[in-house]
Amino acid sequence: MARVDLNSDLGESFGRYSLGLDNEVIPLVTSVNIACGMHAGDPCVMRRTVAAAAAAGTLIGAHPGYPDLQGFGRRDMALSPDEVYAFVLYQISALAGFCKAERVKLAHVKPHGQLYNRAAKDEALAQAIAAAVHDFDPSLVLVGLAGGKLIDAGRAAGLAVAQEFFADRNYMPDGTLVPRKRDDAVIADESFAVARVVRAVQDGRIEAVDGTIIEVAADTICIHGDNVHALEFAKKIRAALTQAGVELKPCCA
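Going by my numbering, the first residue of the sequence shown is number 6, and it counts up by one from there.
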């Protein structure tokens, strides 16, 4: 039987600003990636989100990003590999503190936004992230774009890795994500997204944005928590995968 993890990026509210439907999405996924206060989130939000995920029995991962609240971590930054190492280690440590207080294990690390995208292509940056994860806790699973440099760097560092597929993002012919500055970067058609997820899990292939058939690995499926369709995506994708005989199970357990 095929199996896959269903994850969502959550804990992205900040102060008086509310973003996402965390409490509704958490019970529908098998793992969550919680913002660590740099691109989104704050200590109080981190604490609440960890507690909610722990109560639901949902696996918890750290979601470190560039220090860019204004741009939600989706703008590029000219940080050196040493700086990236320090920022990633700092953020993992912060979230792990809240996990320890809730007596729940931190299971994985998944970079956010442009840090994630850069790590899929930039070998030195990917190695810095993998080193930070390994140095904090080599038992953590490193999540990255399927086929990207971060997956290679994680394996080289001796980490377990999980290759990720995005339910709500279009893909370029080379297997990278369509840049968010393009109008076709995010998929709004729920039926299309659901069918494509099932195909990715069962067949390991999808259509790129130009119609090219590309191969993808899907250990874990991401639904962005800030997408306005996140709740419906989660419900329909979960139902479709179950109907297709796919077991939903955390890949980082």
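Glycine included, C-beta positions come from ideal geometry on N, C-alpha and C.
Asked	Found
In three-state DSSP terms, what is Ile65?	strand
Give every residue of the same chain whose Cβ lies closer than 6 Å to the Cβ of Ala61, excluding the five residues on either side of it in the sequence, and list them in chain order.	Ile31, Pro32
Might you give, ordered along the chain, the residues of its own chain that have their beta carbon closer than 6 Å to the beta carbon of Val199, omitting 5 neighbours on each side?	Lys241, Ile242, Ala245
Ignoring anything shorter than 3 residues, give me the beta strand (DSSP E) runs that lie fully in the segment 116 to 193, in order along the chain.	146 to 150, 165 to 171
I need the straight-line Cα distance from Leu253 to Val9, nearest angstrom please.	5 Å
Between the segment 73 to 81 and the segment 97 to 112, are three or more C-beta pairs nearer than 8 Å?	no
For Leu281, which residues from the same chain have a beta carbon less than 7 Å from its beta carbon, with the 5 sequence-adjacent residues on both sides left out?	This structure cannot settle anything about residue 281, because the visible part of the chain is limited to 6 through 258.
Straight-line CA distance for Met177 to Val202?	16 Å
I need the DSSP call for Glu237, collapsed to helix, strand or coil.	helix
Does DSSP put Leu24 in a helix, a strand or coil?	coil
From which residue to which residue does the alpha helix (DSSP H) around Ser98 run?	86 to 106
Would you kindly check if the distance between the Cβ of Met51 and the Cβ of Phe92 is under 7 Å?	no
Who pairs with Ala39 in a beta bridge, going by DSSP?	It is worth fixing the name first, because residue 39 is Ile in this sequence and not Ala. BP columns for Ile39 point to Leu15, Ala67.
DSSP beta-bridge partners for Leu111?	Ile65
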